[in-house]
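Asker:
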Amino acid sequence: MRVSNRMISETFINNVMKSLERLNDSQNRVLTGRKVDQLSDSPVDIKSIQRLNAELTDNQVYLDNIQNGIGWINSSSAALSQLNDLLTEAKNLTVEAANATRSATDRQRIAQQLNGILEQVLSLGNKTYLDSYIFAGTRVDEQPFVAQRDVTGKITSVDTSGDLSGKIWRKIAKTERIQINANIEEIFTGDEGVFNVLIDLRINLVLRWVIRCCVYLC
């Protein structure tokens, strides 16, 4: 994706430079004596200059859109990469907890670590780029994930808001546009979403510890 965006950027930079060159040529002709004082003197030349100015304005808009899109995509990619690392860590902790030799204290520690991972995942889900929530779909000014907590402050569930499946587009040419946001609805939400999976893992570890304690005490 980076290569594609770089190629797009270079293409439009070249277009801008060509437009600038053409505009400079027109302006130079004006300054060397073939100046157009009024629209009525040479409407063709005036229209040409106006058209070139319009092209420059459009190209600048496209370049701004490209730069914004690249920043947005890179920010999303970084967040998803961190999410992948956190899920790998959670998987390793789960394997560790499943080891029959692990004590109740070990499982409590692992449950706390999973809780920390859950908090980090929540933070990633609400990541912003230029004050816009990158995983909120089209409602970029609305926080997409809101945690519900128990009296101890632990996350018990995560509510979603906004339009998570909404697509954000940037126009990068007269007849071309690109989607800059990632559709993460399936990753974060539902019974198999990362929030519910991590919450269930933490709860199951704690319950197993409580049950073992009850059996021991009884």
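In terms of my numbering, the sequence shown is residues 9 to 226. Ideal Cβ placement from N, Cα and C applies to all residues, glycine included. Since the structure is predicted, the reported quantities are computational estimates derived from the model, not experimental observations.
Kindly list the residues whose CB is nearer than 7 Å to the CB of Asp167, restricted to its own chain and excluding five residues on each side of it in sequence; keep chain order.
Answerer: Start at 1 with the first residue of the sequence shown, and residue 167 comes out as number 159. The residues are Val154, Gln156.
Asker: I'd like the list of long-range same chain contacts for Thr197, defined as Cβ closer than 8 Å, with 5 residues on each side in sequence excluded.
Answerer: Reading the sequence shown from its first residue, position 189 is the one you call residue 197. Within the same chain, Thr197 has close Cβ partners Thr168, Leu172, Phe203.
Asker: Tell me whether Ala108 is buried or exposed, calling it buried when 16 or more other Cβ atoms sit within 10 Å of its Cβ.
Answerer: Looking up residue 108 in the sequence shown gives position 100. Exposed, by the Cβ-count rule.
Asker: Using a 10 Å radius around the Cβ and a threshold of 16 neighbouring Cβ atoms, would you call Lys135 buried or exposed?
Answerer: For the purposes of this step, residue 135 is identified with residue 127 of the sequence shown, where counting begins at 1. Buried, by the Cβ-count rule.
Asker: Out of curiosity, what's the CA-to-CA distance linking Thr113 and Ala106?
Answerer: Residue 113 sits at position 105 when you count from the first residue of the sequence shown. Residue 106 sits at position 98 when you count from the first residue of the sequence shown. The alpha-carbon atoms of Thr113 and Ala106 are separated by roughly 13 Å.
Asker: By the 10 Å Cβ neighbour count, where 16 or more other Cβ atoms means buried, how is Leu295 classified, buried or exposed?
Answerer: This structure gives no information on residue 295, because the portion of the chain shown stretches from 9 to 226.
Asker: Where Lys175 and Arg110 are concerned, what is the direct C-alpha to C-alpha distance, given to the nearest angstrom?
Answerer: Working through the sequence shown from its first residue, we reach residue 175 at position 167. Working through the sequence shown from its first residue, we reach residue 110 at position 102. Straight-line Cα distance between these residues: approximately 46 Å.
Asker: In terms of DSSP beta bridges, what is Gly170 paired with?
Answerer: On the sequence shown, position 162 is the one that residue 170 refers to. Note: Gly170 sits in no beta bridge, so no partner.
Asker: Would you list the residues sitting across from Val154 in a DSSP beta bridge?
Answerer: Looking up residue 154 in the sequence shown gives position 146. Paired residues: Asp167.
Asker: Along the chain, where does the beta strand (DSSP E) that runs through Ala112 open and close?
Answerer: To locate residue 112, count along the sequence shown from 1; it is residue 104. No beta strand (DSSP E) holds Ala112; the alpha helix (DSSP H) holding it covers 112-133.
Asker: What does Tyr137 pair with, by DSSP beta-bridge criteria?
Answerer: Residue 137 sits at position 129 when you count from the first residue of the sequence shown. Tyr137 pairs with Ser140.
Asker: Who are Gln187's beta bridge partners in DSSP?
Answerer: Counting from 1 along the sequence shown, the entry for residue 187 is found at position 179. DSSP, once it has assigned bridges, lists Trp177 as partnering Gln187.
Asker: Any idea what DSSP makes of Gly79, helix, strand or coil?
Answerer: Numbered from its first residue, the sequence shown carries residue 79 at position 71. Looking at Gly79 - three-state DSSP - the assignment turns out to be helix.
Asker: Could you tell me which of Gln187, Asn123, Thr183 sits nearest to Lys162, measuring between CA atoms?
Answerer: Working through the sequence shown from its first residue, we reach residue 162 at position 154. Here the closest residue by C-alpha is Asn123.
Asker: In chain order, what residues of the same chain lie with their CB nearer than 7 Å to the CB of Glu97, ignoring the 5 residues before and after it?
Answerer: Numbered from 1 along the sequence shown, position 89 holds the residue referred to as residue 97. For Glu97, where only same-chain residues beyond five positions count, the Cβ hits under 7 Å are Ile125.
Asker: If you follow the alpha helix (DSSP H) that Ile192 is in, where does it begin and where does it stop?
Answerer: In the sequence shown, counting from the first residue as 1, residue 192 sits at position 184. Run containing Ile192: none; DSSP gives neither H nor E here.
Asker: Mark Ala62 as exposed unless 16 or more other C-beta atoms lie within 10 angstroms of its C-beta, in which case mark it buried.
Answerer: Looking up residue 62 in the sequence shown gives position 54. It is exposed - the Cβ of Ala62 has fewer than 16 other Cβ atoms within 10 Å.
Asker: Skipping 5 residues on each side, what residues in its chain have a beta carbon closer than 6 Å to that of Ala86?
Answerer: Residue numbering aside, residue 86 sits at position 78 when the sequence shown is read from its first letter. Here the set comprises nothing.
Asker: Looking at the strands, I want to know which residues DSSP matches up with Gly145.
Answerer: As a position in the sequence shown, residue 145 is number 137, starting the count at 1. Per DSSP, Asp171.
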